[in-house]
Amino acid sequence: MVLRLYSILAICFSISGCATTYGTGKIGLTGGAMATTATPKLQKVIFYGNGFTSPDIAQKYALFRAAEYARDQGKPWFLMYATLTDAALDRTTLLPNLGSVDNKPAAFAYVRLLDQEQPNATRTDDILLLINEMRGKSITKSTSDN
Amino acid sequence: MKNIFPSILFIGLFIQLVGCTPRYVFSPEEKTAAVKILMNDGQVNMCRDGKLYSLKIDHETGKALIPAGKRVALLKSVQYSGYQTTFSCYPRIGFTPKVGETYITDMNLIGNRCLLELVKENDSTDSSVELEPSLGQADCFRR
């Protein structure tokens, strides 16, 4: 009986021990936003949608996450890069990049925070206002107060 | 019939042991570089001298040490299964790590395709990354 149990356990380990899954818990039924520090000057923001999320909404929510990150850091402007290579070449984008698996969109961008306006920079408060309109409530903390 | 279960046990353990990719073992004097892995699951493999290795990632820094001075390839395996859908891709890149340098790698979906990238960390640039000149084909398995 014990050997039978060990056998089943061994087979389970052999099947699952080396398995690699893509973004476990990230592209799921509910989706969600997250941010990762790429370098001290670059933050990756990403939004995972579900099957009911349209690609443009996923891009918008990733943009929202970028603005919230800038607000949290007290920065009035930010730049976005579509890829790490673009960041190395200083090629900016105005919208997060977009991909999809199984009709579930994922939007992401590498964000660089700025103290002053630069060409192609996004104003943090402009995006926060969009979030405000969407949520229907006031922004309690604004970078313009800093 | 009773004796079949010990056999299954040993077969299972054998598959478990040989199925996993081994870690690269550094020699005592071997020079190293570091690679920061941004992918969600943090899993990426390395090929060097035609052999495949897994990387030991420091979960606090997200970085793994790699041997420097000789061309290596980074390989990513992505599998996704949804309702009546399977998706997989196996992007790979090759480069020659320099001693003491830190590289950043990330894999993203662009449209329906996988893009594995690698740049070099350089705090003196505006975005703190720069292009890696040795970046190219992952030709590790061609000998």
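Top to bottom, those sequences are chains W and E. Numbering of the first sequence is given in the numbering used here, commencing with residue 1 and proceeding in unit increments. Numbering of the second sequence is given in the numbering used here, commencing with residue 1 and proceeding in unit increments. In this text, a Cβ means the ideal position worked out from N, Cα and C, and glycines have one as well. In this text, all values refer to a predicted model and were calculated from it rather than measured experimentally.
About 5 Å separates the beta carbons of I110(E) and G99(W), which is inside the 8 Å limit, making them a contact pair. Under the 10 Å beta carbon count, E117(W) is surrounded by fewer than 16 other beta carbons and is classified as exposed.
For the pair D102(W) and E29(E), the Cα-to-Cα distance works out to about 47 Å. For A121(W), no CB of chain E lies under 8 Å from its own CB, so it is not counted at the interface with that chain. By the CB criterion at 8 Å, V129(E) and T39(W) fall inside the cutoff. Just measuring C-alpha positions, the residue of N120(W), M134(W), L129(W), N97(W) sitting nearest I46(W) is N97(W). If you check the CB distance, V111(W) and A66(W) come in under 8 Å.
One finds Y80, G82, Y83, T85, F87 in chain E with Cβ atoms closer than 8 Å to the Cβ of D102(W), taken in chain order. In the DSSP assignment, I104(E) forms a beta bridge with K36(E), V119(E).
Under DSSP, L98(W) takes part in a beta bridge, and its partners are A107(W). Per DSSP, reduced to three states, the secondary structure at Y48(W) is strand. Beta-bridge partners of E130(E) (DSSP): K120(E). Ranked by Cα distance from M46(E), the first of L38(E), H59(E), K76(E), S27(E) is K76(E). For L84(W), the enclosing alpha helix (DSSP H) starts and ends at 84 to 89. Residue environment for M134(W): exposed (fewer than 16 other C-beta atoms within 10 angstroms of its C-beta).
Counting along the chain, the unbroken alpha helix (DSSP H) around T124(W) starts and ends at 124 to 135. Under DSSP, G94(E) forms a beta bridge with A73(E), G136(E). For the 8 Å CB-CB criterion, A87(W) and L130(W) do not form a contact. With a 10 Å radius around the Cβ and a threshold of 16 neighbouring Cβ atoms, S127(E) comes out buried.
The beta-carbon distance between L115(E) and T105(E), rounded to whole angstroms, is 11 Å. This is too long to meet the 8 Å contact definition.
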